[in-house]
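Each residue of the sequence shown is one higher than the one before, starting from 7 at the first, in our numbering.
Every residue gets a Cβ at the ideal spot worked out from N, C-alpha and C, and that includes glycine.
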Amino acid sequence: MQRRLLCALLVFCMIVAGVEPTWASPSRLRVRLFESRQALDSLQILGNSKIVSPLRMHLAGSTQIKVNRDRVEVIPLDLKGRIPNLKHPLVSAPYIIIEPASGPGIRVRTSAEVERVYGGRLHFSVDSSALLVHNEISTSEYVSSVVGSEAPPSCPLEALKAFAVMTIAIVERKKDGELIGDSTREQAYLGKQYATAPVRTAVRTVMNKRWLYGKNSVRPYYHSTCSGGTSSGAAIFGPGAAALKYLRGVKCVYCAGSPFWKDKTSTVSLDSFRALFSDTVPAISGFDEAGRPLQLVGSKSDGSVLRLTGYEAWLKIGRQYGWGLVPGTRYSYSVNGDSVTLKSSGAGHGVGLCQWGAAGLANEGKSFDQILSFYFPGTRIVEKR
Ligand SMILES: [Zn+2]
């Protein structure tokens, strides 16, 4: 009892002092940056920084980091940010680690539009003639950035707390130092600018909580907008997800403020659509209670039958045409002459928590644990012991 009191007092003191409590496991992660963009051959670090490996060197002013064959080169930029006419780079090595010289992070520019700030260290190396950038970061920094990166704009605090509980539940299954990506394939991680004061407050408030279904930790799934209702895990991901009994479909009208609430109509050529599905236009055979297609069946030209789940077909469509064409798994389509008209509503796979709905529920006065138990029925929040 005395130990629990001491632990509680320690966490309380750290929160009051604004210190991030240390993570039990893992304490640090490595994030592959810019994973969803085309191969990068250079970027700029804006402002002072320092190299900590393979040698120690202070870098005064902005710097270009670029690939030259199998080596990473560091080239100091002049005061106007231009590349000087140097015969040799300042440093050339297969692997370079850079830290901020002072202040909260390293400001990185990959193009005129993309400028981000990263805490921790940046590891640069070369992979297939492209610049590979990993960010070594404390888990608490990572969680705060992810919660801020994934949240809808002007997200209320109780919804941020719900997102923080989910992100912590995902991260706690990682190994110390595990390499993860920075795109929505896992969770969006857009750097330190997104770890705002309300986000940090949300993360600190819930980090001593546990989220359980029975005695087990919850495996969270979430998406942007369900547009009227979520689907069960089994309906979208298949029978394997049925064991996660809290992934049930719930009716949700709280995401009506989302830009993905309304129906979206798109058109593609019949030829390309047919080619995508092995020379057939499969028919949708059945929808779940939330209106999402369960299975698609078509006859291929060789006489064999094509069978896909609605989710598998949605992934195919997104990978072929981009995710903006059919943003959500509630979709249907029809052939009109030599084109296919696709209709969809919502955004994302439609299982688990609806992010825009969570923000809507928080605006109606619901607390983070009420939001979580709404989208994940039967789950509960308890204090960590
Ligand atoms: Zn919703």
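Taking its Cβ as the centre, do 16 or more other Cβ atoms sit within 10 Å of residue i, making it buried, or is it exposed?
i	result
Glu156	buried
Leu378	buried
His94	exposed
Val388	exposed
Val153	buried
Pro60	exposed
His355	buried
Ser108	exposed
Asp188	buried
Gln44	exposed
Ile71	buried
Gly239	buried
Glu79	buried
His64	exposed
Arg325	exposed
Thr271	exposed
By how many angstroms is the C-alpha of residue j removed from the C-alpha of residue i?
i	j	result
Ile143	Tyr381	30 angstroms
Arg75	Ile323	36 angstroms
Phe293	Leu300	5 angstroms
Asn222	Arg386	11 angstroms
Tyr195	Thr286	38 angstroms
Lys198	Ser345	44 angstroms
Leu314	Arg206	42 angstroms
Gly297	Leu348	14 angstroms
Trp217	Gly328	34 angstroms
Tyr124	Lys180	20 angstroms
Pro158	Trp362	7 angstroms
Cys261	Tyr337	18 angstroms
Leu163	Met213	15 angstroms
Pro226	Ala168	11 angstroms
Ile51	Gly111	11 angstroms
Leu35	Ser150	13 angstroms
Pro100	Arg280	46 angstroms
Arg127	Arg191	23 angstroms
Gly371	Ser160	15 angstroms
Ser282	Ser305	Here residue 282 turns out to be Leu, not Ser, going by the sequence shown. Answer to the nearest angstrom: the Cα atoms are 14 angstroms apart.
Would you check whether ligand 1 has a heavy atom nearer than 8 angstroms to the C-beta of residue i?
i	result
Val259	yes
Trp362	yes
Gly334	no
Ser233	yes
Thr236	yes
DSSP puts residue i in a beta bridge; with which residues?
i	result
Met63	Ile57
Asp133	Ala136
Lys349	Thr271 and Ser338
Val152	None; Val152 has no bridge partner.
Gly235	Lys257
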